[in-house]
Amino acid sequence: MANLASTYINQGRWKEAEELGVRVMETWKRVLGEEHPDMLTSMANLASTYRNQGRWKEAEELDVRVMETRKTVLGEEHPSTLTSMANLASTYRNQGRWKEAEELDVRVMETRKRMLGEEHPDTLTSMHNLAFTWKDQERWEDATQLLQ
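All letters in the sequence shown, in the order written, are residues 1 to 148 by UniProt numbering.
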């Protein structure tokens, strides 16, 4: 079911993706518990469905829950936690909440630089995300310097 929900997301079939995503998340929650990685992934996927529809409040609520749970269970520097922080930053960015987005983007980027190195694809992605946040604020020089 989770793969089918992801297929719906990739096809832009939001209503079907949401309905199935909710079912998957609720099933995982009941069977595996709220802290299980599969349940958290299904919650993150549902948040992505909301984000892709511009349903920022719903996306944010799930993004925060995923991030906080992953911090508690996996630690702040775990790759899955960093991904959930980047997802929440994206939700903030899309709402024009630049300060909150920037704080998360910087934390993710700095942690990935330290853990993975400056040339790792995940680090480069986080640098791009921060540059995008700055670009949206018309901080052209900051964005350009980061990406050079």
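Think of the CB as a built atom: it goes at the ideal place given N, C-alpha and C, for glycine as much as any other residue. Only a predicted model underlies this, so the values are computations on that prediction, with no experimental measurement involved.
Residue environment: residue 119 is assigned as exposed (fewer than 16 neighbouring CB atoms within 10 Å of its CB, all protein chains considered). Below 8 Å, enough C-beta pairs join the region 60–69 and the region 42–50 to call them touching: three or more. For residue 145, the enclosing alpha helix (DSSP H) starts and ends at 140–147. Comparing C-alpha distances from residue 83 to each of 111, 27 and 139 shows the shortest one belongs to 111. Residue state for residue 76 is assigned as coil, using DSSP reduced to three classes. If you keep only unbroken alpha helix (DSSP H) runs of at least 4 residues inside the region 37–115, you get 37–52, 56–74 and 79–94. A distance below 7 Å between beta-carbons, with the five flanking residues on each side excluded, links residue 21 to the following residues of its chain, in chain order: 5, 42, 45, 46 and 49. A Cβ-Cβ distance of about 28 Å is found for the pair residue 115 and residue 61, leaving them out of contact under the 8 Å criterion.
Runs of alpha helix (DSSP H) with 4 or more residues, each lying fully within the region 9–39, are found at 14–32, listed in chain order. A residue is called buried once 16 or more other Cβ atoms fall within 10 Å of its Cβ, and residue 87 is buried on that count.
Residue 93 sits buried, since 16 or more C-beta atoms from the chains shown fall within 10 Å of its C-beta.
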